[in-house]
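Reading through the structure tokens given below for one structure.
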Amino acid sequence: MDAPDAKLSFEAALTQLESIVESMESGEVPLAELLAKFEEGNKLLKLCEARLKDAELKIELLKKQKDGVAFAKFETTSEV
């Protein structure tokens with residue numbers, strides 16, 4: 009299975025991931041297809057995590073620039 013398109017947005021990757029999870033949870037997917045979907049979902053998850061990490065770093069940089077000196081750790085309100 010190929011890696012997800014690097015230009016894929018976080019939202020698009022998350023939508024694809026949710027669709028994969030939904031189809032896997034249906035219980036109607038043959039084992040071979042289930043494994044392929046699991047692999048694809050794992051790659052999409054890594055892409056989503058990378059997009060979130062990039063956003064976190066950008067927020068930290070912007071916060072640092074705004075305050076001049078202070079560095080504020082980005083705090084999330086939800087778990088991934």
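Heads up: the sequence shown runs through residues 9 to 88, numbered per our numbering. Even glycine gets a Cβ: it sits at the ideal position worked out from N, Cα and C.
- Message: How far does the alpha helix (DSSP H) with A20 in it extend, from its first residue to its last?
- Response: One-based indexing of the sequence shown puts residue 20 at position 12. Start and end: 18 to 33.
- Item | Length of the line joining the Cα atoms of L16 and N50 | For the purposes of this step, residue 16 is identified with residue 8 of the sequence shown, where counting begins at 1. For the purposes of this step, residue 50 is identified with residue 42 of the sequence shown, where counting begins at 1. Distance between the alpha carbons of L16 and N50: 15 Å.
- Are the stretch 21 to 34 and the stretch 45 to 62 touching by the rule of at least three beta carbon pairs closer than 8 Å? Judged by Cβ distances under 8 Å, the stretch 21 to 34 makes contact with the stretch 45 to 62, as three or more pairs qualify.
- Do I28 and E48 come within 8 Å of each other at the CB atom, strictly closer than that value? Within the sequence shown, numbered from 1, the residue matching residue 48 stands at position 40. Within the sequence shown, numbered from 1, the residue matching residue 28 stands at position 20. Contact flag set, yes.
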